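Numbering (the numbering used here), first residue to last: 5 to 111. Every residue gets a Cβ at the ideal spot worked out from N, C-alpha and C, and that includes glycine. Since this is a predicted model, take the numbers as computed values, not measurements. Take a look at the structure below.
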Amino acid sequence: MVQVKHECHFSNGTERVQFLDRYFYNLEEYARFDSDWGEQGGEYRPVTELGRPDAEYWNSQKDLLEQKRAAVDTYCRHNYGVGESFTVQRRGERGGGRPGEGTGCVC
């Protein structure tokens with residue numbers, strides 16, 4: 005079974021964003037793209053020897069690297085903005101009234 009996981013890690017809102025693309029074969033991670041790696045701001049690296057040929061090939065594909073490097077904005081920051089009104093802005097909201105008065109957090 006092959007699986008790909010896309011991850012966004014945020015620090016201080018969207019001030020510091022890291023994008024990861026993780027590739028798995030039979031539940032073992034074999035390659036990873038990390039937006040923090042590399043001189044250009046993101047590259048693929050093998051996690052196991054199985055991932056070495058793929059990482060080398062993907063790093064040779066300039067269009068693919070541009071797309072993955074842009075994912076910090078196009079995927080992570082975009083999705084942060086979409087979900088912000090449902091998550092971040094409601095953090096810490098507490099109702100001061102009685103149950104059922106509509107003053108509580110709907111999270």
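Between ASP40 and PHE23, the alpha-carbon positions lie close to 8 Å from each other. Put simply, the backbone Cα of GLY87 is about 23 Å away from that of ARG26. Taking every protein chain shown into account, the CB of TYR48 has 16 or more other CB atoms within 10 angstroms, so this residue is buried.
Between LYS72 and PHE37 a beta carbon distance of about 5 Å is seen, short of the 8 Å cut, so the two are scored as contacting. Apart from the 5 residues on each side of it in sequence, ALA59 sits with its Cβ closer than 7 Å to the Cβ of ALA35, TYR48, ARG49, PRO50 in its chain, given in chain order. Around the beta carbon of LEU69, 16 or more other beta carbons lie within 10 angstroms, which makes this residue buried. In chain order, THR18, VAL21 place their CB closer than 7 Å to the CB of ARG81, counting only its own chain and leaving out the 5 sequence neighbours on each side. Residue environment: VAL76 is assigned as buried (16 or more neighbouring CB atoms within 10 Å of its CB, all protein chains considered). In the structure shown, SER15 adopts extended strand secondary structure according to DSSP, grouped into three states.
Between CYS12 and the set ALA74, SER89, SER64, the nearest pair of CA atoms involves ALA74.
Ranked by Cα distance from GLU32, the options LEU54, GLN65, ASN63, ASN16 are led by LEU54.
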